Every structure is written in structure tokens, then in C-alpha cells.
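With the sequence shown counted from 1, adding 177 to any position gets you this note's numbering.
Before any comments, here is the structure.
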Amino acid sequence: MQFKKQTLSKAAQGYCITSLPILGQDRIIAAPEAKGPTMVFTAPNWECSVLATEPGGCMGFAMVPGRGDAMFMITKFYPIFKSEEAGIHLYQASDGLNTPWAGQRIIDLPFVHRISVVGNGVDNYLVAASVCEGKDFQDDWSKPGAVYVAKIQDDLAGPWELVPILEGIHQNHGMQV
178 MQFKKQTLSK AAQGYCITSL PILGQDRIIA APEAKGPTMV FTAPNWECSV LATEPGGCMG
238 FAMVPGRGDA MFMITKFYPI FKSEEAGIHL YQASDGLNTP WAGQRIIDLP FVHRISVVGN
298 GVDNYLVAAS VCEGKDFQDD WSKPGAVYVA KIQDDLAGPW ELVPILEGIH QNHGMQV
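The following block contains the structure:
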């Protein structure tokens, strides 16, 4: 197998980049940690489509289970820890990748840094981890973060009930579920 390095975009501050099954096809999705668009690249020519134009500050994505046209995205987690207004948006396709997806904020969770979706064969849950509860200054880690879970309901607009399942964690920078 041969690999070829290829620049797909000159977008600034790309932070969250991964492959996800979007609209029935594995695609590359990339979002900035600063303000800027979330882009989707489709093989084989790596055509670029804009999935979201704002708000940026993306730290992670998670697909809505059973749907290739809807995803959760962490937003407003800006450098350097200017993340009091961070939260989770729901993005849903209205016209494939021909137009940006409709987005709405569904969860306010300051300093949310990672999300994932887990299921037990019957129900699905959104798991979210925050690096801290708040900061008085950039290097303030005195207020620990937590890991939360919320059952994914049929009505994705909510309301969402976040339940803390692990509290008192400091500088929790990563989570893999």
C-alpha cells in the first residue's frame, strides 16, 4: 500500500480532524479551534464542502446513532481556554452537502472538551467531558471538571438532561469511550 501526502485546505488552526460516515460515505471532516468553517472532504477528488460556517472552537464530533445526516459538535472552546461559553451543537443536513447544515445549540457545558456516543443495543447516550468547571485566570485548575452522560432522545432538540458520572477530575484533556 502506498500513501501520498496531499494538502486539502489551507484553513487556519485545524484542530479536530477525523473520518466519519457522513451521508452514507466515509469522509474527512475538519474543524478549527478558532472561528472558521467546518469542512468535509469527499474522496476520490477530495471535493470540499462547508458543513458549518460558525461558531468554531471545535474540540470534537460524534455522529447521531443510525443517522449519517446528523452530528453533535463541541463548539466555542477557543484558545487558550477561553471556553466559558463552550457547549454542544446539533448539526443536521437539509440538502446533503450542497449547503451548510442547520445548526442549533442543544447543551450549554462550559469547558466541554470531548464527546462520544455509546449504546447498549437499546438506548444511546451522549457522553461529554469537561476539562474544568471554570477558570478565574488561564492557569487556574482549582475547579475540577467532570464526565457527564445524557440519554439521546428521539427529539434531538431536547431538553437534554446531563447527569455527572465522574466528578472531581483535573485537567481532563482527553476521553475515549
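Think of the CB as a built atom: it goes at the ideal place given N, C-alpha and C, for glycine as much as any other residue.
Remember, it's a predicted structure, so these values are computed and weren't measured experimentally.
Handout entry: Reduced DSSP secondary structure (H/G/I, E/B, other) of I346
Key = Taking the first residue of the sequence shown as 1, we reach residue 346 at position 169. I346 falls in the strand class under three-state DSSP.
Practice task
Just list the beta strand (DSSP E) runs in the region 227-289, keeping only unbroken ones of 3 residues or longer that don't cross its boundaries, in chain order.
Solution key: 238-240, 247-252, 264-269 and 279-285
Practice task
Indicate the three-state DSSP secondary structure (helix, strand or coil) for D203 in the structure shown.
Solution key: Translated into the one-based positions of the sequence shown, residue 203 becomes position 26. D203 carries a strand assignment under DSSP once its states are collapsed to helix, strand and coil.
Handout entry: Residues of its chain near E338, where Cβ-Cβ distance is below 8 Å and the 5 sequence neighbours each way are ignored
Key = Taking the sequence shown and counting its residues from 1, one reaches residue 338 at position 161. Result list for E338: A327 and K328, in chain order.
Handout entry: With 16 other Cβ atoms within 10 Å as the buried cut-off, status of S394
Key = In the structure as shown, the chain starts at 178 and stops at 354, and residue 394 therefore has no counterpart that could be examined.
Problem - Reference Y302; option with closest CA among A279, A239 and H347 - result: Translated into positions along the sequence shown, residue 302 becomes position 125. Comparing Cα positions, the closest option is A239.
Exercise for the section: Output the distance between the C-alpha atoms of L286 and L185, rounded to the nearest integer angstrom. Expected result: Counting from 1 along the sequence shown, the entry for residue 286 is found at position 109. Counting from 1 along the sequence shown, the entry for residue 185 is found at position 8. Cα-Cα distance, rounded: 32 Å.
Handout entry: Where E310 falls: helix, strand or coil (DSSP)
Key = The residue labelled residue 310 in the question sits at position 133 within the sequence shown. Here E310 sits in coil by DSSP.
Handout entry: M216 - containing beta strand (DSSP E), residue span
Key = Numbered from 1 along the sequence shown, position 39 holds the residue referred to as residue 216. First-last of the beta strand (DSSP E) with M216: T215 to T219.
Problem - Helix, strand or coil at S196 [DSSP, three-state] - result: The residue labelled residue 196 in the question sits at position 19 within the sequence shown. In this structure, S196 counts as strand in the three-state DSSP scheme.
Exercise for the section: Give me the Cβ distance between G233 and A211, rounded to the nearest whole Å; I'm assuming they're in contact under 8 Å. Expected result: The sequence position of residue 233 within the sequence shown is 56, counting from 1. The sequence position of residue 211 within the sequence shown is 34, counting from 1. Yes, they are in contact, since the Cβ atoms of G233 and A211 sit about 6 Å apart, within 8 Å.
Exercise for the section: Please state if the CB of Q202 and the CB of T219 are separated by a distance shorter than 8 Å. Expected result: Within the sequence shown, the letter at position 42 stands for residue 219. Within the sequence shown, the letter at position 25 stands for residue 202. The answer is yes: Cβ separation under 8 Å.
Exercise for the section: Compare the beta carbon distance of F249 and A263 with 8 Å and say whether it is the shorter of the two. Expected result: Residue 249 sits at position 72 when you count from the first residue of the sequence shown. Residue 263 sits at position 86 when you count from the first residue of the sequence shown. No, they are not a contact pair.
Problem - Close beta carbons around I284, own chain, < 6 Å, minus the five adjacent residues each side - result: As a first step, residue 284 is located in the sequence shown; it is residue number 107 there, counting from the start. Hits under 6 Å: G264, I265 and W337.
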